[in-house]
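Residue numbers (this note's numbering): -14 to 274.
Where is the CB? At the ideal position from N, CA and C, for every residue including glycine.
Computed from a predicted model, the values in this text were never measured in an experiment.
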């Protein structure tokens, strides 16, 4: 009985279940809610400038035309939908809706807590991570992939799985950004179509001077709306989605690198150097003196 107990204690210590294992130094931070003020302020300022120019000009009533809005906005949505599946469009909408309000872990904080975990794993083995599962649960993505180590996956397995996951993530985000960029290309074209519609209406009613004004308004305002939708809204939004994808891919790459290193029982100091090579200079960490 004593031999069995002794063996269990030994395994428990290696697996991280021994009471002597101190995990109090591990601090897992929740992903922070990032509010993209630059996007909000930039979009507000750009639209505000246009509105100010309208208001301080000849007036504002003549700059709103419902037929022109329908041609540009609804036409852009309809034509974009032709190029993609409903699933792709739904995914793109979700990505766009999270563009300005999203939860993201600061890369330097992520790197530091990964090095702390690596130190613990180097001393007590991968199963010691089961002792901090409740704390790691603050970060759902880190908690999910950490389970690979706890479940006994080899470093090669983790490398293969996470490489494929990161590749799929980047591909999904690029596809969503591509949809928005495609819509940005279509919007001015729909504006041109609206212009042609307005010109045809105007030429068909030259004998009625009262009808020339509304037709000309449609012709000009559709071009105006198409330029605003494509240049001021959709193109910057596509660029923002691509940048957000790069930031999320960086965090995934940090986790990927750290888990593979832990799976190989490599030196945490070596891991720190590798993680710093992935981080920009301003966010590099100094865990070891």
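Per the C-alpha coordinates, the member of 225, 252 and 62 positioned closest to residue 22 is 225. For residue 87, the enclosing beta strand (DSSP E) begins and ends at 86 to 89.
Annotated as distal: residue 183 and residue 196, with beta-carbon spacing of 8 Å or more. DSSP, reduced to helix, strand and coil, places residue 18 within a strand of the structure shown. The alpha helix (DSSP H) runs of length 4 or more contained entirely in the segment 92 to 178 are, from start to end of the chain, 92 to 109, 118 to 121 and 125 to 135. The beta carbons of residue 16 and residue 124 sit closer together than 8 Å. Distance from residue 114 to residue 237 at the Cβ level is roughly 18 Å; contact not present, criterion being Cβ atoms closer than 8 Å. Segment contact: the segment 102 to 122 against the segment 211 to 227, fewer than three CB-CB distances shorter than 8 Å; contact not assigned. For residue 252, the three-state secondary structure derived from DSSP is coil.
Here residue 213 is actually not in contact with residue 64; their C-beta atoms are around 17 Å apart, not less than 8 Å.
Contact between residue 272 and residue 107 does not hold, since their C-beta atoms are separated by about 13 Å, which reaches or exceeds 8 Å. Residue state for residue 221 is assigned as helix, using DSSP reduced to three classes. Under the three-state reduction of DSSP, residue 49 is assigned to coil, being neither helix nor strand. Take the alpha-carbon of residue 156 and the one of residue 163: they are about 10 Å apart. Counted as a single uninterrupted DSSP element, the alpha helix (DSSP H) harbouring residue 64 occupies residues 60 to 68.
Where residue 209 is concerned, the enclosing alpha helix (DSSP H) starts and stops at 194 to 212. Taking C-beta atoms as the reference points, residue 111 and residue 239 fail to come closer than 8 Å.
Its chain contains 164 as the residues whose beta carbon lies nearer than 7 Å to that of residue 69, once the 5 sequence neighbours on both sides are disregarded; these appear in chain order. Between the segment 244 to 258 and the segment 136 to 151 there are three or more C-beta pairs closer than 8 Å, enough to call the two in contact. DSSP, read as helix, strand or coil, puts residue 263 in helix. Short of 6 Å from the beta carbon of residue 158, and not among the five residues preceding or following it, lie these beta carbons of its own chain, in chain order: 230.
CA-to-CA, the gap between residue 31 and residue 161 works out to about 24 Å. Taken atom to atom, the span from the alpha-carbon of residue 14 to that of residue 128 is near 12 Å. For residue 76, the enclosing alpha helix (DSSP H) has its first and last residue at 71 to 82.
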